[in-house]
Ligand SMILES: [Zn+2]
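Residue numbers (our numbering): 4 to 336.
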């Protein structure tokens, strides 16, 4: 029966099948997504990880598939008092697999990175109130996926050369690596950078897009014009969404999971081999004094907040229901 047909409030429709469904719904434990809107991403990311796990099954990465399988299977939340009737759930415990391509772990890491930047950014803005920011995207031609590791190495060396050029205006930067899957099942690695520049950049030290391209081309030591995008960050308020963009996953979940073709799985396995041990985020210049810890993988993926001294008044545990793609309240009675 289609979902939009079940109207439990309408007595006229209370035929047997509806009552049956209604009873079944009553019997199942509440879903996390129904109880707490802010925790809806759990279902999405855990379902994505199920797909990733499938790709690894029976391959040289079987061990990854086992680790992802037991990742965040149970979630313990503390119940927090609120002003309204809504439930305030605070994550207290979960086991994470920390496999690089696990979508739950990637999501949790990006949340931790964001929290770190948001914590340190005000200190930087206070120390350097006149500095401005640029958002820079640096790309190269697509490479064969088997050459991804070598390509990233070359791009990183090129970025170091770029940052040492006399004309390079950045005094501090956060650089992240993103890899997208190309149409020909190749790889498109690129860098997203947030650059702090002195205010003189918008005067005598200004670089046109064309000049930026030339500097990047020179640093890459290639004879083609690489694609590059540079944008001035107009308002400080725009920094927050940009930072979120920079520290998000390294490769879009859809590109990792694919569309069910055998080639998608092959691409993903090669990607896994290639990115193993490579670094996703790096920090340079005066940003090192503020954001250095972004280069270290967060130990805590739960997000302990030591300043939050509110007392919990209960605990709820949720369990991943694979077939349903939902976390539901765990009932061990
Ligand atoms: Zn995980």
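Every residue, glycine too, gets a C-beta built ideally from N, C-alpha and C.
Cβ distance (whole Å) where residue i is taken to contact residue j below 8 Å
i: residue 278; j: residue 103; result: 7 Å
i: residue 230; j: residue 142; result: 5 Å
i: residue 200; j: residue 172; result: 4 Å
i: residue 33; j: residue 331; result: 7 Å
i: residue 124; j: residue 198; result: Actually they are not in contact, since the Cβ atoms of residue 124 and residue 198 sit about 14 Å apart, beyond 8 Å.
i: residue 118; j: residue 148; result: 33 Å between Cβ atoms; not a contact.
i: residue 287; j: residue 176; result: 5 Å
i: residue 274; j: residue 151; result: 7 Å
i: residue 100; j: residue 66; result: The Cβ separation is near 10 Å, so there is no contact.
i: residue 108; j: residue 74; result: 7 Å
i: residue 194; j: residue 213; result: Not confirmed; about 19 Å, so no contact.
i: residue 128; j: residue 239; result: 7 Å
i: residue 256; j: residue 106; result: 6 Å
i: residue 281; j: residue 77; result: Rounded, the Cβ-Cβ distance is 31 Å, inconsistent with contact.
i: residue 45; j: residue 38; result: Wrong, their Cβ atoms sit about 11 Å apart, outside the cutoff.
i: residue 139; j: residue 233; result: 5 Å
i: residue 235; j: residue 135; result: 7 Å
heavy atom of ligand 3 below 6 Å from residue i C-beta
i: residue 196; result: By its list of ligands, the structure shown excludes ligand 3, since it contains just ligand 1.
DSSP bridge partner residues for residue i (one or two, in chain order)
i: residue 323; result: 330
i: residue 97; result: Paired residues: none, contrary to the question.
i: residue 318; result: 81
i: residue 284; result: 179
i: residue 92; result: 82
>> To test your reading of the DSSP string, which unbroken beta strand (DSSP E) runs of 3 or more residues are found completely within the stretch 194-261?
In response: Fully enclosed beta strand (DSSP E) runs of 3 or longer: 231-235.
>> Does the stretch 316-334 come into contact with the stretch 37-50, if we say contact requires no fewer than three beta-carbon pairs (one atom in each stretch) closer than 8 Å?
In response: yes
> Is there contact here, the stretch 81-90 with the stretch 281-296, by at least three beta-carbon pairs under 8 Å?
Replying inline: No, the stretch 81-90 is not in contact with the stretch 281-296.
> On the three-pair Cβ rule with 8 Å, is the stretch 214-230 touching the stretch 162-172?
Replying inline: yes
>> Could you tell me which whole alpha helix (DSSP H) segments of length 4 or greater appear in the stretch 163-196?
In response: Note on the stretch 163-196: there is no whole alpha helix (DSSP H) run with a minimum of 4 residues.
> So, do the stretch 113-120 and the stretch 245-257 have three or more beta carbon pairs nearer to each other than 8 Å?
Replying inline: yes
> Which parts of the stretch 26-70 are runs of the alpha helix (DSSP H), unbroken and 4 residues or longer, counting only runs that do not cross its ends?
Replying inline: 35-38 and 44-59
> Does the stretch 178-191 come within contact of the stretch 204-216, defined as at least 3 CB pairs closer than 8 Å?
Replying inline: Taking 8 Å as the limit for Cβ pairs, the verdict is that the stretch 204-216 does not touch the stretch 178-191.
> Of all the beta strand (DSSP E) runs that stay within the bounds of the stretch 111-150, which reach a length of 3 or more residues?
Replying inline: 135-142
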